[in-house]
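Beneath this line is the structure, given in structure tokens, with notes to follow.
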Amino acid sequence: MRARRRSTPYLLVAPALLLFGAIVLVPIGLTAGFSFFRWDGLGPFEAIGLRNYRRAIGDDIFRSSFVHAAIYIGITIVLEVVVGMALAGLLTARRRGGMFFRVAFFVPVLLPMVVIAVLWSFVYNPDMGLLNGALERFGLDSLTRIWLGDPDTALVAISVVSGWVFAGFYMAIFYAAFQQIPRDVLEAAALDGAGGVRAWWHVKVPMARRAVEVALLLCITGGFQSFDLFYVLTNGGPYNSTEIPTTYLVKVVFRNREVGYGSAMAVILTAVVLVVGLAYSRLRAPQPRTA
Amino acid sequence: MLTVRVIASKVLFRIVMVVLAVIYGFPLAWMVLSSFKSNRETFRNPLALPTSIDLGVWADAWRIGNLGRYALNSALVTTATVVLILTLAGLAAYAFSRFEFGGSSLLLGLLLAGLLMPLQSYFVAQSELFDALGLKDTRWALILPYTAMGLPLAVYLLKAFLDGLPGELFDAARLDGCGDVRMFTALVLPLLRPGLATVAIFSALNAWNEFLLALLYISDDELKTLPTGLLAFSSRYTTDYQLLFSALSIVTLPMVAVYVAFHRQVTAGLTEGAVR
Numbered sequence: 001m002r003a004r005r006r007s008t009p010y011l012l013v014a015p016a017l018l019l020f021g022a023i024v025l026v027p028i029g030l031t032a033g034f035s036f037f038r039w040d041g042l043g044p045f046e047a048i049g050l051r052n053y054r055r056a057i058g059d060d061i062f063r064s065s066f067v068h069a070a071i072y073i074g075i076t077i078v079l080e081v082v083v084g085m086a087l088a089g090l091l092t093a094r095r096r097g098g099m100f101f102r103v104a105f106f107v108p109v110l111l112p113m114v115v116i117a118v119l120w121s122f123v124y125n126p127d128m129g130l131l132n133g134a135l136e137r138f139g140l141d142s143l144t145r146i147w148l149g150d151p152d153t154a155l156v157a158i159s160v161v162s163g164w165v166f167a168g169f170y171m172a173i174f175y176a177a178f179q180q181i182p183r184d185v186l187e188a189a190a191l192d193g194a195g196g197v198r199a200w201w202h203v204k205v206p207m208a209r210r211a212v213e214v215a216l217l218l219c220i221t222g223g224f225q226s227f228d229l230f231y232v233l234t235n236g237g238p239y240n241s242t243e244i245p246t247t248y249l250v251k252v253v254f255r256n257r258e259v260g261y262g263s264a265m266a267v268i269l270t271a272v273v274l275v276v277g278l279a280y281s282r283l284r285a286p287q288p289r290t291a
Numbered sequence: 292m293l294t295v296r297v298i299a300s301k302v303l304f305r306i307v308m309v310v311l312a313v314i315y316g317f318p319l320a321w322m323v324l325s326s327f328k329s330n331r332e333t334f335r336n337p338l339a340l341p342t343s344i345d346l347g348v349w350a351d352a353w354r355i356g357n358l359g360r361y362a363l364n365s366a367l368v369t370t371a372t373v374v375l376i377l378t379l380a381g382l383a384a385y386a387f388s389r390f391e392f393g394g395s396s397l398l399l400g401l402l403l404a405g406l407l408m409p410l411q412s413y414f415v416a417q418s419e420l421f422d423a424l425g426l427k428d429t430r431w432a433l434i435l436p437y438t439a440m441g442l443p444l445a446v447y448l449l450k451a452f453l454d455g456l457p458g459e460l461f462d463a464a465r466l467d468g469c470g471d472v473r474m475f476t477a478l479v480l481p482l483l484r485p486g487l488a489t490v491a492i493f494s495a496l497n498a499w500n501e502f503l504l505a506l507l508y509i510s511d512d513e514l515k516t517l518p519t520g521l522l523a524f525s526s527r528y529t530t531d532y533q534l535l536f537s538a539l540s541i542v543t544l545p546m547v548a549v550y551v552a553f554h555r556q557v558t559a560g561l562t563e564g565a566v567r
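Laid out in structure tokens, this is it:
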């Protein structure tokens, strides 16, 4: 359709584009620009070429922050995506009901991460925490730990919280996908003797392939971007054992005021997220036919 | 035989679900119950039930924690963000969906690139920019980025929604002499209502819960939103567990209540927003 006035469509898109441009696009460009300078946020800019990038690649904490993020992603794929898939399978195993559970499992998704993090810092608290309290109650005193203060357990402890929050989110995605599967397919599977778990793994999950792909993509790219839980629970500690790219980035920029160096780290992190996201969507895109 | 198996599997199913729900709900239930126990009681036995229920502590937490102020700030920031996103994205989606104009695909592409870019790609420079402009420690320091971050997905979803409407509707309106502006107010807005509701839900939740920018851009306690305000409160009263459990409960329970009332729309809104 043509607009009555040629200017109308431009006037309609201008407010959104100008705001987005000024608040997001310009800072993207500036961040990339800052990454080639040494700058403390106040003083003069000193052009140093690629030195910030070389420093980042050689920075042990920065490198290990990606390893931690990768471990976190690996654990959360199981605790969020696979558990969510299993919950959705359970909830669709019966024709009716399940509404209560669907609502209950989704609740943590809505809550502010800070609320969840403070609550779980109490669950893990060595003195009055729910977890150690429950272990002692069952006579498992030897298993009690300072969960978030021990470099061996802190990262896993945080991943468990993340699983507790987001399993319900992935459940909702898979629930919707499983509902789309035609009834007769499931009935045919049941006639062939594939009930319960086998119907879930061999019929429902493969037929919800698109949902599986989306869920994995969200879990992976989201994992590299996490911040809130880590910041409140450990802020990278103990001994940098839960340092992830964004907690380190925030320290470098806002505590050390190394804006240029932080910008280079931000660019690297962005590149990782984009490359993973694009490579992933390229992989699952249907191969173009050659004529 | 068959009926025994059916009943057995039904019972097993129930048991599994109930066990899962208990494990799942336990931390939240523990939070509310612990808010009714003194610190000494919680220390002695974190699992014990409270002996009495006294909402006076909740009132104390509300007052001492300045929660009213934080909630008001969150409400103001969230409302402004949602109104801005709906207005700007509604207008832009209308133009992108219904009009042919030069450069439209380039402009749309620019906006939708925002779907891929993580917050980390711009917050460093954005922070310096807001410092230079004197925006830090104002509500705009949150409203503007929340709106800008929300626009790409909002435009994408609203455009998809408008694209799905039959073109004849618009042609007929045009034949009836409907101008560009009246077309928007009289035709697009009423039809777009379900799409706008979805966008409003996830935009509101994102703004209400956002933490990183709120942490970096607001240091004035009088302007803090609930997430950063609660964190400040919890670091001032680190060991007053009863007070903190009360504050967490005060923030959590209304959200749960709203969610239970609108769970269908909220779940759909959040998953659609993510899956797109």
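Quick mapping for you: the protein sequence lines, in order, are chains A and B. All residue numbers in the first sequence are consecutive under the working numbering, ending with 291. All residue numbers in the second sequence are consecutive under the working numbering, ending with 567. Note that beta-carbon positions come from the ideal geometry of N, C-alpha and C, so glycine has one too.
Neighbour list for methionine 113(A) in chain B, Cβ cutoff strictly below 9 angstroms: Asn500, Phe502 and Pro518
Beta-carbon spacing of methionine 85(A), valine 275(A) below 9 angstroms: no
Residues near valine 295(B) in its chain [Cβ-Cβ closer than 7 angstroms; skip 5 each side]: none
Neighbour flag for tryptophan 321(B) against chain A, beta carbons, 9 angstroms: yes
Straight-line gap, alanine 177(A) to leucine 407(B) (C-alpha atoms, nearest Å): 24 angstroms
Any C-beta of chain B under 9 angstroms from that of alanine 47(A): no
Which of helix, strand or coil DSSP assigns to leucine 561(B): helix
Chain B within 9 angstroms of phenylalanine 132(A), Cβ atoms only: Sequence check: residue 132(A) is asparagine here, not phenylalanine. Yes, asparagine 132(A) lies at the interface with chain B (some Cβ there is under 9 angstroms from its Cβ).
Exposure of glycine 262(A), with buried meaning 16 or more beta-carbon neighbours within 10 Å: buried
Interface residues of chain A facing arginine 389(B) [CB-CB closer than 7 angstroms]: Met1
is_contact[glutamate 419(B), chain A] using C-beta, thresh 9 angstroms: yes
Whole-Å CB distance - phenylalanine 536(B) paired with valine 114(A), under 8 angstroms assumed: At roughly 14 angstroms, the Cβ-Cβ gap does not stay under 8 angstroms, so phenylalanine 536(B) and valine 114(A) are not in contact.
Residues of the region 468-480 of chain B whose Cβ lies closer than 7 angstroms to any Cβ of chain A, in chain order: Gly470 and Asp471
Bridge partners - glutamate 46(A), DSSP secondary structure assignment: Arg38(A)
Length at least 4, wholly inside the region 383-414 of chain B: the alpha helix (DSSP H) runs in chain order: 395-403
C-alpha distance - alanine 199(A) paired with serine 300(B), whole-angstrom precision: 15 angstroms
Host alpha helix (DSSP H) of lysine 450(B) (start-end): 431-454
Any C-beta of chain B under 9 angstroms from that of alanine 291(A): Low confidence applies to alanine 291(A): its pLDDT is 40, below 50, so where it sits in the model is not reliable, and the reading given next is rough at best. So, not an interface residue.
Interface flag, threonine 153(A) vs chain B, CB-CB below 9 angstroms: no
Glutamate 501(B), enclosing alpha helix (DSSP H) - first and last residue: Careful: glutamate 501(B) lies outside any alpha helix (DSSP H) and carries neither H nor E.
Interface residues of the region 448-462 of chain B facing chain A [CB-CB below 9 angstroms]: Gly458, Phe461 and Asp462
Any C-beta of chain B under 9 angstroms from that of serine 263(A): yes
Beta-carbon contacts of phenylalanine 461(B) that lie in its chain and below 8 angstroms, excluding the five residues immediately before and after: Arg389, Met474 and Leu478
Supposed contact pair arginine 257(A) and aspartate 60(A) - C-beta distance, whole angstroms, cut 8 angstroms: Aspartate 60(A) to arginine 257(A), Cβ: 21 angstroms. No contact.
Exposed unless 16 or more other CB atoms sit within 10 angstroms - verdict on tyrosine 239(A): exposed
Inter-residue spacing [alpha-carbon to alpha-carbon] between valine 374(B) and methionine 546(B): 20 angstroms
Exposed unless 16 or more other CB atoms sit within 10 angstroms - verdict on serine 343(B): exposed
Proximity test, Cβ basis, 9 angstroms: aspartate 422(B) and chain A: yes
Which listed residue (Thr31(A), Val67(A) and Glu80(A)) has its alpha carbon closest to that of leucine 217(A): Glu80(A)
Contacts that glutamine 411(B) makes with chain A (C-beta to C-beta distance below 7 angstroms): Gln225, Thr246, Leu249, Ala266, Leu269 and Thr270
Contact check, tyrosine 231(A) vs alanine 117(A), beta carbons under 9 angstroms: yes
Distance CB(proline 337(B))-CB(glycine 149(A)) smaller than 9 angstroms: no
is_contact[valine 295(B), chain A] using C-beta, thresh 9 angstroms: no
Chain A contact residues for alanine 386(B), given Cβ-Cβ distances below 7 angstroms: Pro9, Leu12 and Val13
Residues near threonine 76(A) in its chain [Cβ-Cβ closer than 8 angstroms; skip 5 each side]: Ser159, Ser162, Gly163, Phe166, Cys219 and Gly223
Simplified DSSP assignment, three categories, for glycine 129(A): coil
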